[in-house]
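**Q** Quick note on our numbering: the sequence shown kicks off at 1119 and runs consecutively.
Structure below; questions to follow.
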Amino acid sequence: MSNKELVIFSSIISAGLITPEEYISCCDEIILSEEEPSQLVMDLSLLKDKDEAARRLLNEAYDNFEEKYPVPESGFFEICSEYLKYQSNHISWGGFLRSAMLIAEHGPCQWTTNDFNRFYEAFLANDESEVLEKRQSEHLLGVLIEDLEEVEFYRQMVAKRNLTSLSS
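In structure tokens form, the structure reads like this:
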């Protein structure tokens, strides 16, 4: 599994886009179907706490010195995961922007807290206008589209229990 995939899975789990039951079932199927499943798969199959599972995936990415490419910024994929929650009406636009500000503040991310704060302040100043929400969300969608598609692809793989990337 590449560092990027590890970071994406960590973000998906952290955001709650897949449940512990889903990733544990996926890991169990890999364990049953492979002669020597990876230590990562074995570990994830035992982690019922989503935060512990997300940390385990990030630790694996940060410990992977064999890969020539750097570990991607985890905050960015967390923001993509939060955006997918917004798109599926699990959180409001204001809730997404607040989450994005916290993520950008506490982790490496391509956007700054101020970028999301400007969106949030404009949204509040316009009485949480649906028109402004639509414009802002469409702007972010345009910027994030490729990464959103990748995050959604991996989320669907887990949902369908077709997570061959976790295999050795």
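Cβ coordinates follow ideal geometry from the N, Cα and C atoms, glycine included.
Given the structure is predicted, the values throughout are model-derived calculations rather than measurements.
Closest to L1124 by C-alpha separation, out of S1163, A1171, E1140 and S1210, would be which residue?
**A** Taking only the C-alpha atoms, the option nearest L1124 is A1171.
**Q** Quick check: the Cα distance between A1122 and L1215, rounded to an integer number of angstroms?
**A** A quick correction: the sequence has Lys, not Ala, at residue 1122. Roughly 24 Å between the two C-alpha positions.
**Q** To the nearest angstrom, how far is it from the Cα of A1133 to the Cα of L1258?
**A** Those two C-alpha atoms are separated by around 18 Å.
**Q** Starting from H1224, trace the alpha helix (DSSP H) both ways and give me its first and last residue.
**A** Looking at the DSSP string, the run of the alpha helix (DSSP H) that includes H1224 is W1211 to H1224.
**Q** For L1266, does the count of other Cβ atoms within 10 angstroms reach 16, so buried, or fall short, so exposed?
**A** L1266 should be labelled buried.
**Q** Just to confirm my understanding: we take D1169, look at its own chain, exclude 5 residues before and 5 after, and list those with CB closer than 8 Å. What are they?
**A** Cβ neighbours of D1169 beyond the five flanking positions: S1132.
**Q** If contact is defined by three or more beta carbon pairs under 8 Å, each pair taking one atom from either stretch, is the region 1223 to 1240 in contact with the region 1194 to 1208?
**A** In short, these stretches touch, since the Cβ pair count reaches three.
**Q** Let's test the definition: count the other Cβ atoms within 10 Å of the Cβ of Q1274 and tell me whether it reaches 16, buried, or not, exposed.
**A** The residue is exposed, with fewer than 16 neighbouring Cβ atoms inside 10 Å.
**Q** Using three-state DSSP, classify E1153 as helix, strand or coil.
**A** Looking at E1153 - three-state DSSP - the assignment turns out to be coil, as it is neither helix nor strand.
**Q** Between Y1204, R1253 and L1175, which lies nearest to F1127 when the distance is taken from Cα to Cα?
**A** Nearest option by C-alpha distance: L1175.
**Q** Here's a check: name, in chain order, each residue in its chain whose Cβ is nearer than 8 Å to the Cβ of D1233, leaving out the five neighbours to either side.
**A** So the list reads A1222, once near-sequence residues are dropped.
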